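J.:
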Amino acid sequence: MHRRRDGHGDGHRAGGLSVEPSALGIIGAGTMGIGIAQVAAQAGLRVAITDAHPEAFSSARERLEASLTESVERGKLTAEAAEACRRQVTWEADLRSLVEADWVIEAVTEDMGAKREVLRTISAITHPETPLATNTSTFRIADLAQHCARPDRFLGLHFFNPPPAMKLIEVIPGAATSAVVTEAALALCERLGKTPLIAPDIPGFIVNRVFAALVAAAADLWAAGAEAETIDRAIELGLAHKLGPLRSADLVGLDVMLAVLRSLHEQTGDARFRVPEGFVQLVESGKLGRKSGEGFHAHPGSRL
187 MHRRRDGHGD
197 GHRAGGLSVE
207 PSALGIIGAG
217 TMGIGIAQVA
227 AQAGLRVAIT
237 DAHPEAFSSA
247 RERLEASLTE
257 SVERGKLTAE
267 AAEACRRQVT
277 WEADLRSLVE
287 ADWVIEAVTE
297 DMGAKREVLR
307 TISAITHPET
317 PLATNTSTFR
327 IADLAQHCAR
337 PDRFLGLHFF
347 NPPPAMKLIE
357 VIPGAATSAV
367 VTEAALALCE
377 RLGKTPLIAP
387 DIPGFIVNRV
397 FAALVAAAAD
407 LWAAGAEAET
417 IDRAIELGLA
427 HKLGPLRSAD
437 LVGLDVMLAV
447 LRSLHEQTGD
457 ARFRVPEGFV
467 QLVESGKLGR
477 KSGEGFHAHP
487 GSRL
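Counted the way this note's numbering counts, the sequence shown spans residues 187 to 490.
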């Protein structure tokens with residue numbers, strides 16, 4: 187990431203924050219990291235992606251390319267805009283490449299140990315005033331903030347999968363998060379073309395707290411023999427949902443949903459988040475939903 191020598195990026199800064207951020211660092215080249223990178227690149231930000239396993243970059247590039255190609259085919263992006271996005275993204279093997287980003291977003295796997303290690307490391311590398319966000323979908327910000335050098339510059343930015351298609355970002359300030367950083371986060375979300383909503387710092391926040399319980403209940407019905415299509419149509423027609431819970435889970439990715447359910451069950455002990463065995467078997471057999479071509483439903487031609 188090529189930046190100005192003063193270490194403060196290219197945009198004007200107020201209170202240590204870039205008023206007009208131009209560069210975003212993303213830690214984690216998985217499903218969410220790549221999706222967030224596409225969103226940021228489409229908004230005109232330069233994006234540097236790093237991962238503890240650089241060998242993952244090859245498949246990550248393929249996923250980004252597939253997503254951009256699909257966006258063009260569906261008329262959501264022009265071919266020229268997609269090419270501009272490609273030029274905005276760089277792939278970096280070293281965390282230190284993010285040292286002068288205006289914002290850094292941690293998007294590694296939903297594992298507390300992995301997130302703690304990343305947050306400790308990146309906090310020691312980046313500029314003290316650089317805001318740091320986590321894309322956690324379930325963990326309390328208060329628990330993660332303990333591993334940041336500047337808890338006042340840390341908060342949650344929970345994107346939804348797939349990030350290019352989903353309009354909401356949950357913004358989760360921790361107890362120590364400064365008002366300035368929270369306001370800057372809201373502005374960043376709007377810059378990315380998203381709708382930000384402030385969420386409480388509890389496991390699962392708002393959406394996953396409700397959605398995960400609904401998916402688990404629907405998966406229980408499916409495991410008991412009900413057809414996935416029947417379950418989804420009942421919810422779509424009976425509750426006026428655009429997509430039923432199993433169709434939505436397929437869109438999110440069943441591996442992602444499994445991690446969410448396990449995390450919420452572990453944190454809360456609430457039986458509503460218990461993972462049905464059949465759900466685990468789907469994931470272990472590689473049936474991850476839309477991105478693999480099959481999940482609770484078949485998705486021919488949709489493999490990403």
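Just so it is clear, CB atoms sit at the ideal spot from N, CA and C, and this is done for glycine as well. This structure is a prediction, so every number in the text was calculated from the model and none was measured.
Quick one: residues in its chain with C-beta nearer than 6 Å to the C-beta of Ala335, no 5 flanking neighbours on either side, listed in chain order?
T.: Counting only Cβ-Cβ distances below 6 Å, and skipping sequence neighbours, we find Ser309.
J.: So, under 8 Å CB-CB, Phe391 and Met218 are touching, yes? Tell me the CB distance rounded to an integer number of Å.
T.: The Cβ separation is near 15 Å, so there is no contact.
J.: Let me check you understand the geometry: is the CB of Gly216 closer than 7 Å to at least one non-hydrogen atom of the ligand SAM?
T.: As for the ligand SAM, it is missing from this structure, which has no ligand bound.
J.: Using C-beta distances below 6 Å, list every residue in its chain close to His194, excluding the 5 sequence neighbours before and after it, in chain order.
T.: Here His194 scores only 45 on pLDDT, less than 50, and its place in the model is too uncertain to base an answer on.
J.: When the Cα atoms are used, what is the spatial distance from Thr316 to Thr368?
T.: Rounded to whole angstroms, Thr316 to Thr368 spans 13 Å at the Cα level.
J.: What are the start and end residues of the alpha helix (DSSP H) that includes Val442?
T.: Note, Val442: alpha helix (DSSP H), Leu440 to Thr454.
J.: Grab me the residues of Leu372's own chain with a C-beta within less than 7 Å of its C-beta, minus the 5 sequence neighbours each way, in chain order.
T.: Closer than 7 Å at the Cβ level, and outside the excluded window around Leu372, lie Val357 and Pro382.
J.: Going by beta carbon distance, what residues of the same chain come within less than 8 Å of Val401, once the five residues before and after it are set aside?
T.: Result list for Val401: Pro431, Leu432, Ser434, Ala435, Met443 and Leu447, in chain order.
J.: Could you check the C-alpha separation between Glu269 and Ser253 for me, to the nearest Å?
T.: Cα to Cα, the separation comes out at about 12 Å.
J.: Which one of Ile384, Ala404 and Trp289 has the shortest CA to CA distance from Pro462?
T.: Comparing Cα-Cα distances from Pro462 to each of Ile384, Ala404 and Trp289, the minimum goes to Ala404.
J.: Ordered along the chain, which non-local residues of its own chain (more than five positions away) have a Cβ less than 7 Å from that of Ile220?
T.: The answer, listed in chain order, is Ala246, Arg249 and Leu250.
J.: Taking the alpha carbon of Arg302 as the reference point, which residue from Leu330, Val275 and Glu296 has its own alpha carbon closest?
T.: It is Leu330 whose Cα lies nearest to the Cα of Arg302.
J.: Hey, quick one: how far does the alpha helix (DSSP H) through Val225 stretch, first residue to last?
T.: Note, Val225: alpha helix (DSSP H), Thr217 to Gln228.
J.: With H, G and I counted as helix, E and B as strand and the rest as coil, what does DSSP make of Pro382?
T.: DSSP places Pro382 in strand when its eight states are reduced to three.
J.: With contact counted as at least three CB pairs below 8 Å, one residue from each stretch, are the stretch 205-215 and the stretch 226-246 in contact?
T.: These segments touch.
J.: In or out: Leu423 buried (at least 16 other Cβ within 10 Å) or exposed?
T.: Burial call: exposed.
J.: Roughly how far, in whole angstroms, is the beta-carbon of Val285 from the beta-carbon of Thr324, given that I think they are within contact range, below 8 Å?
T.: With 8 Å as the limit, Val285 and Thr324 do not qualify as a contact, their Cβ atoms being about 29 Å apart.
J.: What are the start and end residues of each continuous beta strand (DSSP E) run of 3 or more residues lying completely inside the stretch 363-427, in chain order?
T.: Qualifying beta strand (DSSP E) stretches, in chain order: 381-384.
J.: How close, in whole Å, do the beta carbons of Pro207 and Asp288 come, if the pair is a contact with beta carbons under 8 Å?
T.: Going by Cβ atoms, the distance from Pro207 to Asp288 rounds to 4 Å, so yes, they are a contact pair.
J.: Which class does Glu480 belong to by DSSP, given the choice of helix, strand or coil?
T.: Looking at Glu480 - three-state DSSP - the assignment turns out to be strand.
J.: Output yes or no for whether 8 Å exceeds the beta carbon distance between Thr454 and Pro349.
T.: Not closer than 8 Å, so no.
J.: Quick one: give me the first and last residue of the beta strand (DSSP E) that Glu296 is part of.
T.: No beta strand (DSSP E) holds Glu296; DSSP gives it neither H nor E.
J.: May I have a chain-ordered list of the alpha helix (DSSP H) segments no shorter than 4 residues that lie completely inside the stretch 248-300?
T.: Entirely contained in the stretch 248-300, the alpha helix (DSSP H) runs reaching 4 residues are, in chain order, 265-274.
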